[in-house]
Amino acid sequence: MSSVEALIEGLASVGYIASRRIATALYMAVKLEKPILVEGSAGVGKTELALSTAKLLGLPLIRMQCYEGLDESKALYEWKYGKQLLYTQILKDRMGEALADAADMDEAMVRLHGMGDLFYSEPFLEPRPLMRALKEDDGCVLLIDEIDKSDEAFEAFLLEVLSAYQVSVPELGVLKAKTPPLVFLTSNNVRDLGDALKRRCLHLHIPLPEAALEERIVASRVPGIEAKLTRELVAFVQSLRTMDLRKAPSISETVDWARALVLLHADSLGADVVRDTLNVILKFEQDIAAVEPQVVELLHKR
Amino acid sequence: MMQHTLEEFFRALRAADVRVSPAEAIDASRAVAITGYADRELFRDGLCSALAKSEDEVGRFDQVFETFFARDAVQLQPPPEEGHQELSDEDRAQVADSALAKAVLEGDANQVQQAMEQAATRAGVAEIRLTTQRSRMTRRLLEEMGLEEIERIIANARRMPDGKGEGLAERLEGARRNLFEQAQLYVARQHELYAAGSAQALREERLARKQLNADGGVDPVDYQLMQGLVRKMAKRLAAKYSRRRHVANKGHLDVRKTLRKSLAYGGVPFDIEFKTKKIDKPSIVAICDVSKSVAAAAQFLLTFLYSLNEVVDRMEAFAFSGRMISVNDILDDHGVEQAIFKVLQEIGFQQTDYGRSLQDFADQHLDSLDRRTTVIFLGDGRSNFADPRLDIMKQIHDRSRAVIWLNPEPESYWGQGDSVMNRYARFCHVAKQCGTIEQLERIIEDVLRSYVPH
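Residue numbers (our numbering), protein chains in the order written: chain A, 5 to 306; chain B, 3 to 456.
As structure tokens, this is what we get:
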């Protein structure tokens, strides 16, 4: 983590080929101890960036998938009701003994107040991902995936965690992180995120990569692929992206396709192979129908 | 010094519609403290991660960064090589009153640059908004810098006997031209930095207010812009609309669920469940008039229809003039311009027959309306004196959650001539004039507030 170049190399060593902009944003997030909001279309490697960073830093990764209806009790903490119940039952038995010799009600109350109250205490706390992340002694990488799928209320609730790395539990007070975790938030832009959240985060937008970068990514992700095939398939995917498709193929599709072609022992792109495997890169019927007649043309255009 | 430059940069960013809050400004300063200035790319990317908060903003950030940090100092003409004579004492006396004249004669670029920036503040060059203001701004800038003095000196020098001042006049003349060019460049750059964004905003604003059913409809030049605006609006509508929500009915205990959950705790109701209301995603039925009478506005209405179809999952789209057809497939399969063209080709510009079209709708789709459906009519309600079939309209009204009618004509026209709008309006929950993008936006807000379940 000494410089951006070192970071690029480090990420490459764990299999993530990062552009300079990606590495710089990550570098800033580490140095400024700020969460980083990663945006980009599906499959450009947003989640992968967090996974690779955790691997590079040797930190545990705690992942929280967001969805509509996600709330505090699933994200932050929950009380262990069962144990609490047992505790009260034990307490009831013991209480009788302890208070048996009290002279009157008042004395019994005084004694009762004097006893420790464990009912709401940390042993009964069931930490959920956010709290687990704050409790890690040596820090960790916290991945809050697809934050745009959660409700606005949850987004507001995250603000405290993200700006101060602490959470308030009404019964216990404020719990502060021992070591601030490195936080990644990812978003597919299902809805616009609030300004307050954006302000608290650094921002990184991962675009679809240029050909050279994509070739390196494919080469690193699909070991044993021929350089010629890589070049051809990346060029083909790049030209697909210029077409007006419902869902343009992103990096994960390119990689999947490369894997499929390797499995099929294809050493170069032919029109037939492409037609047979088009469903790996294109996910909509209309897109496939639009591309299919043009395959030969697209292959020759390069 | 650098802090000041950063502040200026933030201002340029804000002018380009990249929001920079104080918190982000602080982050940016901290980022710069880490990156330093030496590595330009690192400097840029570091700032970018702290300041630009969406894909669009990243693009605008890059643009502003290039313009802002590319600005180079004033280029002064070097003093002429031959005849590089020192100024004579007489000449010095001539220019003694004017610091600017002295600076340009001595080729002191820094001094000139400084004078220009100070003059720019006084002249308010950063307030520039329009390209057409450039030449006036340049003149004002030069006036503030003291160009008049130079001109006076030139005139004086020319008037000296025996052409003694001719050399000085010549040199000052050259310097003046040079200064003029520099000022022009400076103003152009300022315009680009602080106003290029607002020119776009101005155009959008004007377009938003423009009557879209005016002759010829939308200007082809503005068409792209309109599509952008309408799409933005439709997306906002959809974001609020399409999510399924659970609303807690606070205070109503869900006994069954609570009992079931309590089994885990030996029958003690620890986890108390309240009743929640699940609200289904509403669906939209949009019906668009593309007949002759609304020809000019049809393009606008269809653009809206198209954008809506793009972002709303459950939407049925219809278009009609004489008869009504479902246009879902056309909208799904084509790009926006192509789709609009196709719809108009299939069904557009015929004689309007509202009654007939409503009959078509009733035959095919009346059953699909239920209490979750919002029906949006886009049309002028001019039925060519044919039977308006109010009975069907009433049925639609009774069956659906809300009927909203957006009419490109102003309310005072409703009911005049062959318009039956005032009669239809009785069966609408909302009937409003919607002739401009701005009105459309306002209506959408209204509709969202009152007719979307929440």
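Here a beta-carbon is modelled for each residue, glycine too, at the ideal position from N, C-alpha and C. Since the structure is predicted, the reported quantities are computational estimates derived from the model, not experimental observations.
What did DSSP end up calling residue i once you bin it into helix, strand or coil?
| i | result |
| --- | --- |
| A:Ser172 | strand |
| B:Leu132 | coil |
| B:Tyr356 | helix |
| B:Trp416 | coil |
| A:Ser191 | strand |
| A:Pro131 | strand |
| B:Lys104 | helix |
| B:Phe322 | strand |
| B:Tyr2 | Because chain B is modelled from 3 through 456, residue 2 of chain B falls outside the range shown and cannot be assessed. |
| A:Ser23 | coil |
| B:His6 | helix |
| A:Thr246 | coil |
| B:Glu83 | Per-residue confidence for B:Glu83 stands at a pLDDT of 46, beneath the threshold of 50, marking its modelled position as unreliable; no derived number is given. |
| B:Tyr225 | helix |
| B:Phe387 | coil |
| A:Leu206 | strand |
| A:Phe123 | coil |
| A:Thr28 | helix |
| A:Leu65 | strand |
| A:Phe91 | According to the sequence displayed, residue 91 of chain A carries Tyr and not Phe. Helix at A:Tyr91. |
| B:Phe379 | strand |
| A:Asp271 | coil |
| B:Asp433 | Checking the displayed sequence, the identity of residue 433 of chain B turns out to be Ala instead of Asp. Reduced to three states, the DSSP call for B:Ala433 is strand. |
Can you tell me the Cα-Cα spacing of residue i and residue j, whole angstroms?
| i | j | result |
| --- | --- | --- |
| A:Glu289 | B:Arg208 | 41 Å |
| A:Tyr386 | B:Phe182 | Because chain A here runs from 5 to 306, residue 386 of chain A falls outside it and cannot be looked at. |
| B:Leu227 | A:Arg235 | 38 Å |
| B:Glu83 | B:Gln116 | The predicted position of B:Glu83 is uncertain, since its pLDDT is 46 and thus under 50; a value taken from the coordinates is nonetheless stated next. Each residue's alpha carbon lies about 26 Å from the other. |
| B:His86 | B:Glu129 | Below a pLDDT of 50, predicted positions are generally treated as unreliable, and B:His86, at 46, falls in that range; the measurement from the model is reported next regardless. For B:His86 and B:Glu129, the distance between alpha carbons rounds to 40 Å. |
| A:Ala137 | B:Lys259 | 32 Å |
| B:Asp355 | B:Val296 | 13 Å |
| A:Val48 | A:Thr57 | 16 Å |
| A:Leu41 | B:Phe306 | 32 Å |
| A:Val241 | A:Ser272 | 14 Å |
| B:Gln192 | B:Glu339 | 37 Å |
| A:Tyr71 | B:Tyr267 | 28 Å |
| A:Leu303 | A:Leu282 | 13 Å |
| A:Gly14 | A:Leu36 | 19 Å |
| B:Val377 | A:Gly73 | 29 Å |
| B:Val519 | B:Ser56 | The requested residue 519 of chain B does not occur in the structure, where chain B is confined to residues 3 to 456. |
| B:Glu312 | B:Val287 | 14 Å |
| B:Leu346 | B:His336 | 13 Å |
Check the C-beta distance from residue i over to residue j and give it rounded, since I have them as a contact under 8 Å.
| i | j | result |
| --- | --- | --- |
| B:Lys396 | B:Phe351 | No, B:Lys396 and B:Phe351 are not in contact; Cβ-Cβ is about 29 Å, not under 8 Å. |
| B:Ile398 | B:Leu371 | 7 Å |
| B:Asp375 | B:Ser402 | Inspection of the sequence shows that residue 375 of chain B is occupied by Thr rather than by Asp. At roughly 4 Å, the Cβ-Cβ gap stays under 8 Å, so B:Thr375 and B:Ser402 are in contact. |
| A:Gln88 | A:Phe128 | 5 Å |
| A:Val18 | A:Lys84 | Rounded, the Cβ-Cβ distance is 37 Å, inconsistent with contact. |
| B:Phe12 | B:Phe70 | That pair is no contact at about 10 Å. |
| A:Leu163 | B:Ser51 | A:Leu163 to B:Ser51, Cβ: 19 Å. No contact. |
As a quick exercise: from the options, pick the residue whose alpha carbon is nearest that of residue i.
| i | options | result |
| --- | --- | --- |
| B:Glu348 | B:Asp291, B:Phe306, B:Asp400 and B:Asp382 | B:Asp291 |
| B:Glu145 | B:Gly381, B:Arg124, B:Arg131 and B:Arg161 | B:Arg124 |
| B:Arg425 | B:Val432, B:His431 and B:Gly417 | B:Gly417 |
| A:Ile292 | A:Gly274, A:Ser45 and A:Pro253 | A:Pro253 |
| B:Ile445 | B:Val66, B:His367, B:Met147 and B:Ala236 | B:Ala236 |
| B:Arg358 | B:Arg384, B:His336 and B:Asp334 | B:Arg384 |
| B:His6 | B:Ser31, B:Val20 and B:Gln353 | B:Ser31 |
| B:Tyr225 | B:Leu392, B:Lys263, B:Ser328 and B:Leu304 | B:Leu304 |
| A:Gly118 | A:Leu162, A:Met99 and A:Glu130 | A:Met99 |
| A:Pro64 | A:Glu140, A:Tyr81 and A:Ile151 | A:Glu140 |
| B:Ala341 | B:Glu168, B:Phe63, B:Ala321 and B:Gly167 | B:Ala321 |
| A:Val284 | A:Ala262, A:Val300 and A:Glu126 | A:Ala262 |
| A:Arg195 | A:Asp155, A:His209 and A:Ala160 | A:Asp155 |
| A:Leu189 | A:Leu208, A:Glu296 and A:Arg115 | A:Leu208 |
| A:Ile286 | A:Val300, A:Leu268 and A:Ser256 | The sequence shown places Leu at residue 286 of chain A, rather than the Ile named in the question. Checking every option, the nearest Cα to that of A:Leu286 belongs to A:Ser256. |
Contact residues within the region 13-37 of chain A, judged by C-beta distance below 7 Å to chain B: Arg24, Arg25, Thr28, Ala29, Met32, Lys35 and Leu36
The region 138-149 of chain B: positions lying closer than 7 Å to chain A by Cβ: none
Near-chain B residues of the region 140-160 of chain A - C-beta to any C-beta below 7 Å: none
Contacting positions in the region 96-121 of chain A - beta carbon closer than 7 Å to chain B: none
Residues in the region 13-25 of chain B having any Cβ partner in chain A nearer than 7 Å: Ser23 and Ala25
Short-range partners of chain A found in the region 258-289 of chain B, where Cβ spacing is below 8 Å: Ala266, Tyr267, Gly268, Val270, Phe272 and Asp273
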